[in-house]
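In the working numbering, the protein residues as written are 40 to 805. One structure below.
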Amino acid sequence: MRSISCFFLYALLAGNTLLAQTNPAPLVNQPLIPASIAPGSGGFTLNVTGTGFAPTAELYWNGSPRVTIVNSGGGLQAIITPADIAKPGTASVTVVNPTPGGGASNVVFFPVRQSASGVGLAVTPRFTAGVVAVGDFNNDGKLDVAIGEFNNNNGSGSVSVYLGNGDGTFSLPIVTNAPFGVEVLIPADVNDDGKLDLLVSQFPNSNEESAPMVVFFGNGDGTFTQGQQFSGTPTAVGDWNGDGHIDLIMEEDNGSIYSSVYLGDGQGNFTQSQFMIGTGFEGGPAGPTAVGDFNGDGKLDVAFPGVAVALGNGDGTFQNPVYYSTEFYGNEIVAADVNNDGKLDLVTSGLSVLLGKGDGTFTSAGGVSAGGNYGVILGDFNGDGQLDAAVPSSNSVSWGLDLLLGNGNGTFQNPMFYPVTKQLVGFLTFGVGDFNGDGRIDFVFSGGIDTMLLLQNSVTLAPTALAFGNQNTGTTSPPQTVTLTNVGATTLNIQSISIIGGTNFSQSNNCGTSVAPGSACSIMVTFSPKTGGYKTAALNVAFQGLGSPQTVSMNGIGVNAASVSLTPSSLSFPTQLFGTTSLSQTATLTNTGTLAVTVSSIATTGAFSATSNCPSSLPAFQACQIQVQYKPTARGQQSGELSVTDNATHSPQHVKLSGTGTVVSLSATGISFGDQQVGTTSLGIPIKVTNVGTVPLAISQISIGGANPADFTQTNNCGLGIPAGASCTIKISFTPTATGSRSATLDITDNGGASPQSVALTGTGT
């Protein structure tokens with residue numbers, strides 16, 4: 040599929056109004072310097088580069104002249120007043136050469152807006168489907184949209200013009216019938232009456248020698264009068280011979296596609312001046328073509344997709360093209376200064392970048408893989424003063440736009456995809472302009488059943504689609520993150536964030552109820568298929584403002600597989616005497632899926648053992664229990680693992696096991712002395728300490744600790760240790776120093792494991 044979205048009007052095209060004769064028709068390059076400005080910034084000097092500026096040329100700002108200084112080097116400067124940029128809006132900038140000849144240049148849009156870190160787009164259907172052209176067709180200073188349509192039933196066509204109201208709304212369409220289906224639509228003033236005309240054409244193909252083109256003369260009110268019909272498809276417009284009239288590059292086909300030059304007479308008639316530019320190159324050098332003065336000689340040159348650059352002779356003919364290889368092919372190409380060195384560069388719809396040297400030659404600067412070879416437009420879409428790129432593109436779900444923010448050095452950031460339509464019907468084309476007067480560049484996008492209006496708003500969601508791939512039923516995927524950014528100048532109030540279209544996806548977020556200007560928040564999405572098969576849903580973000588709600592499409596595939604859970608993840612056993620077996624602790628194996636699970640083994644490591652009631656085949660949604668015991672084989676901390684091997688995902692499942700073994704056996708774990716008169720001493724209570732181990736037990740300290748250690752005393756015959764299998768005795772007495780409840784602990788510090796061993800001591804002073 041092919042489209043023509045912009046030709047030498049790579050700068051946000053609103054139309055051409057080139058007039059006649061001695062002075063050439065001027066051409067304005069992108070970018071203007073600065074490329075945009077914040078409202079209320081005060082007056083400034085606007086620098087403009089281009090071709091064919093007469094010494095007495097004037098710059099027009101929204102149709103009104105400004106003080107203009109034409110530089111000796113060919114560019115010009117204009118004084119823009121504080122009142123011109125007091126409020127947000129988008130100015131139309133043209134350069135007008137005086138008579139004889141001369142006329143107005145192409146229109147370049149100048150955004151008056153706050154800079155933003157990104158671009159948010161609100162998508163709404165507005166127009167019928169067809170190829171898109173943007174311009175002011177009734178000369179009221181507000182942008183209109185023209186849609187060229189193709190009737191597949193009988194091959195007829197029409198042009199529908201939607202007159203803009205300047206607030207993002209449009210009138211009902213004004214329809215002009217065409218003698219054939221419309222595939223190419225280019226606005227240009229070809230009869231020098233100051234009213235935009237339309238060049239209406241089809242694409243040539245191998246089944247026909249040439250495609251028809253007809254001129255629709257604009258009446259200045261959105262209606263048109265059909266003019267002469269020609270052979271060929273226009274791919275670029277400009278003043279090739281400097282006489283102030285619109286000329287054309289035409290794509291023709293007589294067995295192979297080639298490009299020819301046609302000169303206009305200012306009345307809507309065209310005469311061929313060069314039969315073919317270049318030779319060979321099947322499929323090129325034809326195609327939507329870039330225009331500019333690439334070698335600084337004041338004569339317009341052209342660059343064809345492919346890439347082939349043909350320098351102009353200034354008389355309506357061109358030199359043979361020089362061919363350049365690119366990293367990413369594109370079937371459209373535009374010219375602009377994307378690295379801010381004052382020399383025109385080339386950008387294909389691939390997206391490949393060729394940096395101009397200013398002498399008509401170019402050097403490849405690589406590029407970014409983006410788009411689908413359906414067109415490219417450059418402009419400052421986020422108001423940061425650097426040229427950005429927009430290319431139609433697609434993902435696995437939708438057709439839409441890739442926006443690539445420019446870095447100002449000839450490189451672009453990775454594309455941000457904005458979905459527009461799920462169904463591509465006919466040709467994919469798009470155009471740009473500020474349709475609601477807020478200073479932000481908007482888009483019209485055609486390729487589906489409707490042509491969509493994409494007005495800039497304050498919300499970006501990235502990415503705009505999530506693909507989770509295969510996920511076993513009954514399990515949850517790792518989370519994927521959607522970043523919500525407020526690229527506006529005021530606080531964004533969030534009304535809700537939810538999942539629509541199913542229960543297989545869930546979300547959590549840290550967005551709260553509002554997001555500050557320039558700030559972002561994260562939405563974490565997971566996929567948990569309950570059944571097998573392809574699943575879809577959408578993340579829905581509702582907020583106060585234009586374009587609410589916005590959605591992120593999501594998909595994943597549920598795979599029916601056995602799945603289990605083994606809980607808890609760990610079991611910790613209390614201190615256990617060497618050679619004895621603990622009480623059981625329970626782990627539960629649950630079949631969480633829809634298929635029976637085959638359990639092949641249940642095993643433990645270390646000083647742990649397990650028994651279970653688990654069958655060899657555990658039915659869906661059923662559970663069984665595994666009893667784990669600990670029998671220490673050594674003194675101190677010990678660890679092990681319970682492992683269940685089965686045919687479920689993530690097999691084997693594991694539970695971490697831990698326990699502490701000791702060889703120290705105490706005859707009591709606590710002594711209560713009851714009531715004892717203050718200052719008197721109780722009878723001594725013996726505690727037997729036994730070493731049940733096979734090696735001597737070393738005792739480093741026997742002490743009284745706790746809250747009231749002075750109220751208790753101990754004597755013992757343990758010495759420095761206890762031989763294997765032997766015992767010693769510690770005798771405890773209670774002598775309260777005060778009335779009331781008294782407490783302490785007997786602490787035995789040793790190398791027997793779980794040291795210190797403690798005995799709780801309590802008594803009451805009376």
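A virtual CB, placed ideally from N, CA and C, is assigned to each residue, including glycine. Bear in mind the structure is a predicted one, so any value in this text is a computation, not a measurement.
_Beta carbon of S199 nearer than 8 Å to that of F219_ = In this structure, S199 lies away from F219, with their beta-carbon atoms at least 8 Å apart.
*Apart from the five residues on each side of it in sequence, which residues of its chain come closer than 6 Å, Cβ to Cβ, to S154?*
Closer than 6 Å at the Cβ level, and outside the excluded window around S154, lie G422, D423.
*Within the same chain, show all residues whose beta-carbon is closer than 6 Å to that of P73, passing over the 5 residues directly before and after it, in chain order.*
The beta carbon of P73 lies closer than 6 Å to those of G424 in the same chain, with the five residues before and after it left out.
*Taking the CB atoms as reference points, tell me whether V300 and F242 lie closer together than 8 Å.*
The Cβ atoms of V300 and F242 do not sit closer than 8 Å to each other.
*So what does A347 bridge to, in DSSP terms?*
DSSP output for A347 lists F343, Y362 as bridge partner(s).
_Counted within 10 angstroms of its Cβ, other Cβ atoms place Q701 as buried (16 or more) or exposed_ = Sequence inspection shows Thr at residue 701; the Gln mentioned does not correspond to that position. T701 is buried by the Cβ-count criterion.
*In this structure, does DSSP put A122 in helix, strand or coil?*
Correct three-state label for A122: helix.
*According to the Cβ coordinates, are A77 and L98 closer than 8 Å?*
Their beta carbons are not under 8 Å apart, which means A77 does not touch L98 by this criterion.
*Check A577 in the structure and name its three-state DSSP category.*
DSSP places A577 in strand when its eight states are reduced to three.
*Hey, how far is the Cα of F47 from the Cα of S298?*
For F47, the predicted structure reports a pLDDT of 31, less than 50, and the residue's modelled location is therefore unreliable. The matter cannot be settled from this model.
*DSSP three-state assignment for G319, whether helix, strand or coil*: Residue placement at G319 is flagged as unreliable, the pLDDT there being 41, under the threshold of 50; a coordinate-derived value is accordingly withheld.
_So for D376, helix, strand or coil by DSSP?_
D376 falls in the coil class under three-state DSSP.
*Unbroken stretches of the beta strand (DSSP E), 3 residues or longer, contained in the region 375 to 462*: Runs found: 384 to 387, 391 to 395, 401 to 406, 416 to 418, 427 to 433, 438 to 443, 455 to 460.
*Neighbour-count burial assignment, N280, 16 or more Cβ in a 10 Å radius*: The residue is buried, with at least 16 neighbouring Cβ atoms inside 10 Å.
*Quick one: what's G269 bridged to in DSSP?*
The sequence shown places Phe at residue 269, not Gly. Per DSSP, M252.
*D282 by DSSP, collapsed to three states: which one?*
D282: coil per DSSP, three-state reduction.
*Whose C-beta lies closer than 6 Å to the C-beta of T606 among residues of the same chain, with five residues either side of it excluded?*
So the list reads T627, once near-sequence residues are dropped.
*Same chain only: Cβ atoms within 6 Å of Q668, ignoring 5 sequence neighbours per side*: The residues are T620, S621, S623, S648.
_Those residues which DSSP pairs with T208 across a bridge_ = Looking at the DSSP output, T208 sits in no beta bridge, so it has no partner there.
*Per DSSP, what kind of secondary structure is A749 in: helix, strand or coil?*
Note: A749 maps to helix in three-state DSSP.
*Going straight from the alpha carbon of V630 to that of G572, what length do you get?*
Note that residue 630 is Asn in the sequence shown here, rather than Val. Cα-Cα distance, rounded: 20 Å.
*Just reading off the beta strand (DSSP E) that L610 is part of, what are its end residues?*
Note, L610: beta strand (DSSP E), 609 to 611.
*How about G414 and E371: are their beta carbons less than 8 Å apart?*
A contact, by the Cβ cut-off of 8 Å.
_For a test of the three-state rule: what should DSSP assign to H689, helix, strand or coil?_
Coil.
*By how many angstroms is the C-alpha of S721 removed from the C-alpha of D789?*
Computed Cα separation, rounded: 28 Å.
*Would you report the Cα separation of V171 and A559, rounded to the nearest angstrom?*
In a straight line, the C-alpha of V171 is about 34 Å away from that of A559.
*Assign A673 to buried or exposed, taking buried as 16 or more other Cβ atoms, counted over all protein chains shown, within 10 Å of its Cβ.*
Flag for A673 reads exposed.
*Tell me, please, which residues DSSP counts as bridged to S766.*
When DSSP reads this structure, S766 sits in a beta bridge with T729.
*Measuring CB to CB, does L785 end up less than 8 Å from I769?*
Going by C-beta atoms, L785 is nearer than 8 Å to I769.
*Fully enclosed by the region 516 to 582, which alpha helix (DSSP H) runs are 4 residues long or longer?*
Runs found: none.
*Express the C-alpha separation of S655 and T633 in angstroms, rounding to a whole number.*
Rounded to the nearest whole angstrom, the C-alpha separation of T633 and S655 is 16 Å.
*Which one of G81, T88, S111, Y201 has the shortest CA to CA distance from V483?*
For V483, the nearest C-alpha among the options comes from Y201.
*Selection from A404, N62, F83, S780 that minimises the alpha carbon distance to L71*: The residue with the shortest Cα to Cα distance from L71 is F83.
*asked:* I need the DSSP call for V162, collapsed to helix, strand or coil.
replied: Reduced to three states, the DSSP call for V162 is strand.
*Report the three-state DSSP secondary structure of T627 (helix, strand or coil).*
Note: T627 maps to strand in three-state DSSP.
*In this structure, does DSSP put T672 in helix, strand or coil?*
Annotated three-state conformation of T672 is coil, per DSSP.
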